[in-house]
Every structure is written in structure tokens, then in C-alpha cells.
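The block underneath contains the structure these notes are about, expressed in C-alpha cells.
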Amino acid sequence: MVRLVLACLWLALAGGPANAQVPGDPGMRAAHVRIAEVQAANERTTGVLLEIIGRPVFTGGVPDADILTAFADLRPDLTRARALLRAEAAALEALPTLTVHGDTAYLRGFDQMTVEAATGARQIEGLLAELDALIDALVAGDASKAAQIVTTLGKASVSMIEAQARSLRIRAELAPPGGATGRQLHALACYYDGVAAISEVEYGFTAVAPGLKRASEAADCADREIAGARAALEIKGRLTDPMLQPILADYVDIRTRMLDALSQASRDLRTMIASMSGDGGMSPERFNESILIFENRLLELNGREVELLKRLPG
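Each residue of the sequence shown is one higher than the one before, counting from 3 in our numbering.
What follows is the structure in C-alpha cells.
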């Protein structure tokens, strides 16, 4: 099962008016442009992956007798998808560093975000390369090779999720202490810790009891950080800075909706933990769907936030 984790790369360390630099500052303007560039690249990368894994052969819509033919028919699309992903990665890697405007943590964070987006595109291309090899093995009837590749795909998928959680934590540490952005990033990191733990249990990489315990602790962590982010956001909503006032209410509304989406994702994680403990309630397929719904919602809200930040004075 290939998890989609790129959708949260947009959460830059300085995302929002709480961290705004001097109005009209070239570095700030360049950073806002970069958010839009990386978001657009992430959406294209996400679209490429969804176009592949949304095929009936992956969603149970192909009879067993026709699966090999369906996989073989997929290969030209895999070739095109991999080429598109390589092109996205190369375009991101070619973007100039923002630290030319000043070597600040603010701009270094956006440069790191760009690197992560490019790395993510190349990781997904690598996963599709493994999938291509899996199709070769299946068509050749090499069950041993196919099983080996499935394990490789699983480990790579879990590694991507764990890397995403680490990246989010690093970015959270660079955000203003105690602020809503940092707490939200920490909450996302905890959520992905939980998704990684669930994945390891599903793939058989770890025993059920310790894996689900880890997932439950991750959900607890996410809920604590969400509560902290809501409290910080409530304080921010009472600010009277005239520079921020024209957009503050809309900003708080968007961030509140993001936290609502994250709260629902955490509840879905807990439902999946209960199901894997034997209480039923959610299938692995439904859990995967909930992750995509959550990430797509964040992408949508991020697009609204990017447009909102363009209204900042200067």
C-alpha cells in the first residue's frame, strides 16, 4: 500500500501573519511566491500518483482472472508518470535558493521545503519504479521476486511517512515558540507517527500490540498539540495589529478549519487502532481513503491561505 504523504509539505515554518516579516521585504515576497510554486508542484505530483493508484487494479475493481492483463496495460502510464515526476523534481531542484535575500532561519526554512518537495517527487518516482518491477515479476510468474518487491514497497512507504514526521518536527522547532504554527506542525508529525505505526503493523514489520500502542500514543500526542494550537490561535484572534487586521479573521478561520480536519484525522486514526484491536469499525481501505481526504482538505485550505497572504500590506 502506497501512502500519500506529500500533501503536508506546504506547511512552511513561517506560514502566516504571526511570522510576517517587514512589509514589502523582498525575502518575504519571494517566500510567498515559493509557497505557491511548491504547492503547485505538490498538487501535480499528487495528481500523478493518484492517477496511478486510483486505477481499478489497485482498488479492487478488476476480477482476479484479469489482474495480470490490467497490470501489463498500466505500464505505459507508469512510464509517463515516472517521467513527469522526474521533471517535477528537476524543476524544483533548479529553483534559486531564497537565502540570496538574507541568510535567515525564515528563508532557510523555505529552501528546505523546496528540497523536501523535490525529494518527495523522486521518492514517489522510485516507488513507481518498484511497482514497474513488480509488474515484470508478476507477468513472469516469479512469485518470490514479487513478494520481495512488495516488501520493498512497504518499507519505502513507511520510511517516507517517518521522514515526513521528522521533517515536520524540524520545521516546528524553527517556528516561534508556543505559536499556533509550531503546535500544528507538531500535531501533524504525531499524526504521521501514528500512520507509520499502523502501516508497520499492516505490513507485518512489527508486532500488533506494540505497534498499536505506538499508534495510540501518537494519537494522544496529536490531540494535545491540536488543543495547544487552538489555544494559541484564540489568542492570535484577539490581536489588534493594524497591519494584520484586514486578514486576521479570515486567517484564524482557515487555520481553525485546518485544525478541525486534523482532529477528524486523529479520530480516524483511533478508529483504525480500535479496528485492528478487534473492535471493527474501519477497514484498511477506508483508513487509506480517510488519509487522502484529510490531505486533500489541507491542500485546499492551504491554497486559500496562500491567496489570503497576498492581501498583506506591502
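We treat Cβ as the ideally placed atom computed from N, Cα and C, and that holds for glycine.
Since we're looking at a predicted model, the values are computed, not measured.
Where does residue i land, buried or exposed, given buried means 16+ other C-beta within 10 angstroms?
i, result
"L321", "In the structure displayed, the chain extends from 3 to 316; residue 321 sits before or after that span and is not available."
"Q247", "exposed"
"V254", "buried"
"I163", "buried"
"E197", "Contrary to the premise, residue 197 reads as Val rather than Glu in this sequence. Classification for V197: buried."
"I275", "buried"
"R88", "exposed"
"A67", "exposed"
"D195", "buried"
"I83", "Correcting the residue type first, residue 83 is Ala in the shown sequence and not Ile. A83 is buried by the Cβ-count criterion."
"N269", "Per the sequence presented here, residue 269 reads as Arg, with Asn not at that position. Classification of R269: exposed, given that the 10 Å Cβ count is below 16."
"A167", "buried"
"S279", "exposed"
"A149", "exposed"
"A131", "exposed"
"S169", "buried"
"E127", "buried"
"A43", "buried"
"E297", "buried"
"I54", "buried"
"T153", "exposed"
"P25", "In this prediction, P25 has a pLDDT of 44, which is less than 50 and means its spatial position is unreliable; what the coordinates show is noted afterwards. That one is exposed."
"I293", "buried"
"A251", "exposed"
"R185", "buried"
"G282", "exposed"
Candidates the options: which alpha carbon is nearest residue i's?
i, options, result
"R272", "D262, M284, L310 and L136", "M284"
"D79", "I256, P179, L133 and L235", "L133"
"A220", "L86, A191, E202 and L136", "A191"
"A120", "R259, L97 and V141", "L97"
"R226", "H188, L250, I237 and A251", "H188"
"H103", "A33, T81 and I249", "A33"
"D105", "L76, R168, I126 and P28", "P28"
"K238", "I151, I256 and L109", "I256"
"A234", "A182, R173 and A142", "A182"
"T71", "I249, M30 and A142", "A142"
"M231", "A209, P178 and E202", "Contrary to the premise, residue 231 reads as Ala rather than Met in this sequence. Of A209, P178 and E202, the residue nearest in Cα terms is P178."
"N304", "V35, R36 and Q41", "Q41"
"L86", "R31, R216 and G49", "G49"
"E202", "V160, V117 and R185", "V160"
"Q125", "G156, D252, T101 and D144", "G156"
"F60", "L76, I37, R46 and E204", "L76"
"L100", "E175, P65 and M115", "M115"
"A217", "A199, G111 and G206", "A199"
"A174", "Y108, L214 and A123", "Y108"
"A165", "E118, F207, L301 and E39", "E118"
"L261", "L300, R288 and G282", "L300"
"D222", "Y193, G206 and I249", "Y193"
Between which two residues does the alpha helix (DSSP H) containing residue i stretch?
i, result
"S279", "Neither: S279 is in no alpha helix (DSSP H) and is coded neither H nor E."
"G111", "A107 to A142"
"F296", "P286 to L311"
"L100", "First-last for L100: undefined, no H or E at that position."
"V50", "P28 to I55"
"A199", "A182 to Y205"
"A177", "That residue, A177, is in no alpha helix (DSSP H); it is neither H nor E in DSSP."
"A211", "V210 to K238"
With a floor of 4 residues, list each alpha helix (DSSP H) that falls wholly inside the region 54-85, ordered by position along the chain. The qualifying runs are 58-61.
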